[in-house]
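Each residue of the sequence shown is one higher than the one before, starting from 13 at the first, in our numbering. To keep things clear, I will list the structure first and then write my remarks on it.
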Amino acid sequence: MTTLTPVLTRNWDQPDSFTLEGYGDYAAARKALSQEPDSIIQMVKDSGLRGRGGAGFPTGMKWGFIPQGDGKAHYLVVNADESEPGTCKDIPLMMANPHSLVEGVIITSYAIRANHAFIYVRGEVLHVIRRVQAAVREAYEKGYLGKDIFGSGYDLELVVHSGAGAYICGEETALLDSLEGHRGQPRLKPPFPAVAGLYACPTVINNVESVASVPSIVANGADWFAGMGTEKSKGFGIFSLSGHVTRPGQYEAPLGITLRELLDMAGGIRAGHELKFWTPGGSSTPIFTAEHLDVPLDFESVGAKGSMLGTRALQIFDETTCVVRAVLRWTEFYAHESCGKCTPCREGTFWLKQVLKRLEKGQGSEEDLTTITDIADNILGRSFCALGDGATSCIHSSVKLFRDEYLKHFEIGGCPFDPAASTVWGSK
Numbered sequence: 013m014t015t016l017t018p019v020l021t022r023n024w025d026q027p028d029s030f031t032l033e034g035y036g037d038y039a040a041a042r043k044a045l046s047q048e049p050d051s052i053i054q055m056v057k058d059s060g061l062r063g064r065g066g067a068g069f070p071t072g073m074k075w076g077f078i079p080q081g082d083g084k085a086h087y088l089v090v091n092a093d094e095s096e097p098g099t100c101k102d103i104p105l106m107m108a109n110p111h112s113l114v115e116g117v118i119i120t121s122y123a124i125r126a127n128h129a130f131i132y133v134r135g136e137v138l139h140v141i142r143r144v145q146a147a148v149r150e151a152y153e154k155g156y157l158g159k160d161i162f163g164s165g166y167d168l169e170l171v172v173h174s175g176a177g178a179y180i181c182g183e184e185t186a187l188l189d190s191l192e193g194h195r196g197q198p199r200l201k202p203p204f205p206a207v208a209g210l211y212a213c214p215t216v217i218n219n220v221e222s223v224a225s226v227p228s229i230v231a232n233g234a235d236w237f238a239g240m241g242t243e244k245s246k247g248f249g250i251f252s253l254s255g256h257v258t259r260p261g262q263y264e265a266p267l268g269i270t271l272r273e274l275l276d277m278a279g280g281i282r283a284g285h286e287l288k289f290w291t292p293g294g295s296s297t298p299i300f301t302a303e304h305l306d307v308p309l310d311f312e313s314v315g316a317k318g319s320m321l322g323t324r325a326l327q328i329f330d331e332t333t334c335v336v337r338a339v340l341r342w343t344e345f346y347a348h349e350s351c352g353k354c355t356p357c358r359e360g361t362f363w364l365k366q367v368l369k370r371l372e373k374g375q376g377s378e379e380d381l382t383t384i385t386d387i388a389d390n391i392l393g394r395s396f397c398a399l400g401d402g403a404t405s406c407i408h409s410s411v412k413l414f415r416d417e418y419l420k421h422f423e424i425g426g427c428p429f430d431p432a433a434s435t436v437w438g439s440k
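Rendered as structure tokens:
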């Protein structure tokens, strides 16, 4: 039985967890700034830390792409624009433990030789923005940010930037455009941000959890971190359980844990019901069913089964949920959030939404299933960024796994499910 590994969530239950007094004196940052920047990069490479924002790219390798001695300013940008349906790990992390992020920013910036860093936070979460701003203010007052940090001669300015609430700004280059004051739309790559990112200078863009994990690696060593998880997916991560589960919440555990183990910790599916389908990494990952309960939740194992680990946003749905209705809701989100830059995504998500609305009402035909999969095929791999690709995941996987449920809507001329039954009050 895999056990929880509370590192980032260790002090979340403490009333002062978000304060500097409750967090500590930034011992890991002090240790890091006494070493050479390249040794920090090598330590993160050796730890096996992979990006926690969804793609799973090796963090140390990304840092190593920054050209050194180029005479240009270097920047660190933290992607805190968490907004995908089901994804809810970075927001509580910044609320309960913002100093782990700020300390991680100091270490990361020092490693890549950046003297200016940004934390780009989703605009709607004003309470989180204020919490992070307070943590940054405390760090400045203590001398942990600004000039000559810890007497090392290293300077760092950290800015908390509020976004305007666009999902597309979670895409790293759209985030950079937004940060520069432009409309948030993805850029053509190459050049990649490591070469020409913010203000056309070398830039590292990392997820909140990725950066917040760095202080524990510096404090405990690369081998400590690499000793958890699996061979290729090392370390721990925050698994977000939501939906029809007895105790939803954040469960920090080694990568490779299974949903069955997590459900046991969370008290199982809500009383009197059984698992129908779930997402391993948020709405942009192909759905799984009960037969995937024992798939190890690491990048390789989930990928081998036809989905993606993504942000480990485990949305749990029991037998009261209409899969067509769920897919429609996700598709409405993607159609609304499409930036409109490319035709496949802009037009494709619109038409997926229109056809799914008809299907959910039982007004379509079996030919419409071919239509939506054809539309999805023409979005996948043809859109300008990953938003379009993500929008197709639930289409392809739901039609493959629940084709009979789609057909049932046609047969009876409507949805065979009571929408109230899947709600919180519907179980009472």
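Here a beta-carbon is modelled for each residue, glycine too, at the ideal position from N, C-alpha and C.
Residues of its chain near Ala403, where Cβ-Cβ distance is below 6 Å and the 5 sequence neighbours each way are ignored
Counting from one through the sequence shown, the residue named residue 403 turns up at place 391. The answer, listed in chain order, is Tyr346 and Thr361.
Of the residues Ser377, Val339 and Tyr152, which one's Cα is nearest the Cα of His408?
As a working mapping, residue 408 is identified with position 396 in the sequence shown. Closest option to His408, judged by alpha-carbon separation, among Ser377, Val339 and Tyr152: Val339.
Completely contained alpha helix (DSSP H) runs for the stretch 216-302, where each covers 4 or more residues:
Listed in chain order, they are 220-232, 234-238 and 271-277.
Helix, strand or coil: how does DSSP classify Ala131 here?
Looking up residue 131 in the sequence shown gives position 119. The sequence as given places Ile at residue 131; Ala does not occur at that position. If DSSP states are grouped into helix, strand and coil, Ile131 belongs with the strands.
Quick one: what does DSSP say Leu326 is sitting in, helix, strand or coil?
Along the sequence shown, read from residue 1 onward, the residue named residue 326 stands at position 314. DSSP places Leu326 within a strand segment (E or B) once states are collapsed to three.
Which residues share a DSSP beta bridge with Val339?
Within the sequence shown, the letter at position 327 stands for residue 339. Paired residue(s): none; Val339 is not in a bridge.
For Lys420, which residues in the same chain have their Cβ closer than 8 Å to its Cβ, ignoring the five residues on either side in sequence?
Here residue 420 refers to the residue found at position 408 of the sequence shown. Cβ contact annotation for Lys420 (same chain, cutoff 8 Å, sequence separation greater than five): Pro428, in chain order.
From this set, Ala186, Ser245 and Glu115, which residue's C-alpha is nearest Gln197's C-alpha?
Against the sequence shown, residue 197 aligns to sequence position 185. Considering only alpha carbons, the answer is Ala186.
DSSP three-state assignment for Tyr87, whether helix, strand or coil:
Here residue 87 refers to the residue found at position 75 of the sequence shown. The answer is strand: DSSP assigns Tyr87 an E or B state.
DSSP state of Arg125 mapped onto helix, strand, coil:
Counting from one through the sequence shown, the residue named residue 125 turns up at place 113. Three-state result, Arg125: coil.
What's the call for Gln327, buried or exposed, on a 16-neighbour Cβ count within 10 Å?
Walking along the sequence shown from the start, residue 327 turns up at place 315. With 16 or more Cβ atoms within 10 Å of its Cβ, Gln327 is classed as buried.
Expressed to the nearest angstrom, what Euclidean distance is found between the alpha-carbon atoms of Ile269 and Ile391?
Here residue 269 refers to the residue found at position 257 of the sequence shown. Here residue 391 refers to the residue found at position 379 of the sequence shown. Whole-angstrom Cα-Cα distance: 32 Å.
Is the distance from the Cβ of Thr297 to the Cβ of Ser313 below 7 Å?
Working through the sequence shown from its first residue, we reach residue 297 at position 285. Working through the sequence shown from its first residue, we reach residue 313 at position 301. No. Outside cutoff.
Taking just the CA atoms, how far does Ala39 sit from Gly400?
Counting from one through the sequence shown, the residue named residue 400 turns up at place 388. Counting from one through the sequence shown, the residue named residue 39 turns up at place 27. If I take the Cα positions, the gap works out to 42 Å.
Rounded C-alpha distance that separates Ala123 from Ile299
Here residue 123 refers to the residue found at position 111 of the sequence shown. Here residue 299 refers to the residue found at position 287 of the sequence shown. Using only the alpha carbons, I get a separation of about 38 Å.
Whole-angstrom Cβ separation of Asn91 and Gly239, contact assumed at under 8 Å?
The residue labelled residue 91 in the question sits at position 79 within the sequence shown. The residue labelled residue 239 in the question sits at position 227 within the sequence shown. Between Gly239 and Asn91 the Cβ distance is about 27 Å, and since that is not below 8 Å, they are no contact.
When the Cα atoms are used, what is the spatial distance from Gly65 to Gln375?
On the sequence shown, position 53 is the one that residue 65 refers to. On the sequence shown, position 363 is the one that residue 375 refers to. Each residue's alpha carbon lies about 39 Å from the other.
Rounding to the nearest angstrom, what Cα-Cα distance links Lys373 and Phe248 in this structure?
Start at 1 with the first residue of the sequence shown, and residue 373 comes out as number 361. Start at 1 with the first residue of the sequence shown, and residue 248 comes out as number 236. Rounded to whole angstroms, the gap between the alpha carbons of Lys373 and Phe248 is 43 Å.
Ile424, buried or exposed, once every other Cβ within 10 Å from all chains shown has been counted against 16:
As a first step, residue 424 is located in the sequence shown; it is residue number 412 there, counting from the start. The C-beta of Ile424 has fewer than 16 other C-beta atoms within 10 Å across all chains shown, which makes the residue exposed.
Residues sharing a beta bridge with His173, DSSP:
Mapped onto the sequence shown, residue 173 falls at position 161. Its beta-bridge partners are Tyr132.
Runs of 4 residues minimum, wholly inside the stretch 351-392: which ones carry the alpha helix (DSSP H) assignment?
With a minimum length of 4 residues, the continuous alpha helix (DSSP H) runs that stay inside the stretch 351-392 are 355-372 and 378-391.
Is the beta carbon of Phe311 less than 7 Å from the beta carbon of Ser225?
As a first step, residue 311 must be located in the sequence shown, where it is residue number 299. As a first step, residue 225 must be located in the sequence shown, where it is residue number 213. Against a cut-off of 7 Å, the Cβ pair of Ser225 and Phe311 comes out as no contact.
Need the endpoints of the alpha helix (DSSP H) that His304 sits in, please.
The count along the sequence shown starts at 1 and reaches residue 304 at position 292. Run containing His304: none; DSSP gives neither H nor E here.
Per the DSSP calculation, Pro70 is bridged to which residue(s)?
Here the question's residue 70 lines up with position 58 in the sequence shown. In the DSSP assignment, Pro70 is bridged to Arg62.
Residues near Phe414 by beta carbon distance below 7 Å, same chain, minus five either side
On the sequence shown, position 402 is the one that residue 414 refers to. By the criterion of a C-beta distance shorter than 7 Å, Phe414 is surrounded in its chain by Val335, once the five residues flanking it on both sides are discounted.
Cut-off 6 Å between Cβ atoms - residues of its own chain near Ala178, not counting five sequence neighbours on either side:
Numbered from 1 along the sequence shown, position 166 holds the residue referred to as residue 178. Counting only Cβ-Cβ distances below 6 Å, and skipping sequence neighbours, we find Gly196.
Given a cut-off of 7 Å on the beta-carbon distance, is the pair Thr71 and Val89 in contact?
Reading the sequence shown from its first residue, position 59 is the one you call residue 71. Reading the sequence shown from its first residue, position 77 is the one you call residue 89. Taking 7 Å as the Cβ cut-off, Thr71 and Val89 do not qualify as a contacting pair.
Please state if the CB of Ala388 and the CB of Val230 are separated by a distance shorter than 7 Å.
Here residue 230 corresponds to residue number 218 of the sequence shown, with the count starting at 1. Here residue 388 corresponds to residue number 376 of the sequence shown, with the count starting at 1. Using a Cβ distance threshold of 7 Å, Val230 and Ala388 do not count as a contacting pair.
Gly315 - partner residues in DSSP beta bridges:
Along the sequence shown, one-based indexing puts residue 315 at 303. Under the DSSP definition of a beta bridge, Gly315 lacks any partner.
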